[in-house]
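So the structure is just underneath, and the comments pick up after that.
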Amino acid sequence: MVYVWGEQRINLLMSQTQNLMIGEGYTTTRILVAPQNLSSGKLELTVIPGLLGEIKIDLSDDIHTHAGRIQFKLL
Numbered sequence: 000m001v002y003v004w005g006e007q008r009i010n011l012l013m014s015q016t017q018n019l020m021i022g023e024g025y026t027t028t029r030i031l032v033a034p035q036n037l038s039s040g041k042l043e044l045t046v047i048p049g050l051l052g053e054i055k056i057d058l059s060d061d062i063h064t065h066a067g068r069i070q071f072k073l074l
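In numbering that gives the first Met the number 0, the protein residues as written are 0 to 74.
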């Protein structure tokens with residue numbers, strides 16, 4: 000069976016892959032695709048790992064802070 004991978008289908012694949020990464024807690028990781036010739040039958044996606052340097056929480060404004068409700072997946 001032969002699949003035709005147009006721009007819309009590639010964007011859907013990237014979006015679904017990105018959502019899977021976010022669902023696993025990798026909220027700053029991105030999936031990209033560079034321009035390429037698909038006549039070889041191969042599509043290459045690039046994974047850009049996201050890194051956080053530090054997280055600072057300002058508790059000086061109790062009413063507007065979300066500090067108690069933020070969740071992170073720890074490795």
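The beta-carbon is built from N, C-alpha and C at its ideal position, and this holds for glycine as well.
Exercise. Excluding sequence positions up to five away, which residues of its chain have a Cβ less than 7 Å from the Cβ of L37?
Worked result: W4
Exercise. Do you know how far the Cα of L51 is from the Cα of S14?
Worked result: 22 Å
Exercise. Ends of the alpha helix (DSSP H) at L19?
Worked result: E6 to G22
Exercise. Just to check, is the beta-carbon of G40 closer than 7 Å to a non-hydrogen atom of the ligand ADP?
Worked result: The model on display carries no ligand, and the ligand ADP is accordingly not part of it.
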